[in-house]
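J.:
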Amino acid sequence: MSIKSALRLNVAWAVIMLIAFTLLEIGLHTSARLLMLSLAILYLAVAVLASRGWRSALALSVAVALLEAVWGLPTVVINVWMFVTGDELYRDSPATILVVLIEAILFAIPASVLCVAYVFQWRKLRSLFVAGADITRQSTGTA
Numbered sequence: 033m034s035i036k037s038a039l040r041l042n043v044a045w046a047v048i049m050l051i052a053f054t055l056l057e058i059g060l061h062t063s064a065r066l067l068m069l070s071l072a073i074l075y076l077a078v079a080v081l082a083s084r085g086w087r088s089a090l091a092l093s094v095a096v097a098l099l100e101a102v103w104g105l106p107t108v109v110i111n112v113w114m115f116v117t118g119d120e121l122y123r124d125s126p127a128t129i130l131v132v133l134i135e136a137i138l139f140a141i142p143a144s145v146l147c148v149a150y151v152f153q154w155r156k157l158r159s160l161f162v163a164g165a166d167i168t169r170q171s172t173g174t175a
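Going by our numbering, the sequence shown opens with residue 33, and the numbers climb by one from there.
1) My guess is that G104 and A46 are in contact by the Cβ rule of under 8 angstroms, so how many angstroms apart are they, rounded?
2) Indicate the three-state DSSP secondary structure (helix, strand or coil) for T107 in the structure shown.
3) Could you tell me whether the region 146-155 touches the region 34-42, where touching means 3 or more Cβ pairs closer than 8 angstroms?
4) Would you identify the three-state DSSP class for L69, choosing helix, strand or coil?
5) Under 8 angstroms between the Cβ atoms of F53 and M33?
6) Just to confirm the assignment, what range does the alpha helix (DSSP H) spanning T54 have?
7) Give me the Cβ distance between L90 and L160, rounded to the nearest whole Å; I'm assuming they're in contact under 8 angstroms.
8) Leaving out five residues before and five after V108 in sequence, what residues of the same chain have Cβ atoms less than 7 angstroms from its Cβ?
9) Report yes if the C-beta distance between A44 and A97 is below 8 angstroms; otherwise report no.
Shown next as structure tokens:
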């Protein structure tokens, strides 16, 4: 996967988060949901700017994906393990796993895929930050 493909995936992830938080906001207006919707709009703007060549937006996109993968993936794995092993939490409330799976689909899995893509493109990412190369002129093939 090239950097451009990873950045397109990043924009798609931002759009999916925006749709999800918009649907939540429609259901019930709360300040927490409004904050999450605002952050989703902001992240979509960052993702679009990163795909257009803004290095600071790219750095923020990488940081958000890394933080979400480091925080979200272990949480999902632990909760799925608890569900499979019959933990007391899931015996009392078996539908809790649905919330965990929604979290995995919206946050942990896309962030982890992006992190893997960024790791495979580490040399190109490094050249973008260190040498100031142009993202928009990067080749789409692997080198």
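Every residue, glycine too, gets a C-beta built ideally from N, C-alpha and C.
T.: So, from the listed chains and residues:
1) That belief does not hold up - the Cβ atoms of G104 and A46 are roughly 15 angstroms apart, past 8 angstroms.
2) helix
3) yes
4) Three-state DSSP puts L69 in a helix.
5) Taking the C-beta atoms as reference points, M33 is found no nearer than 8 angstroms to F53.
6) I35 to G59
7) 7 angstroms
8) Cβ neighbours of V108 beyond the five flanking positions: V132, E135, A136 and A140.
9) no
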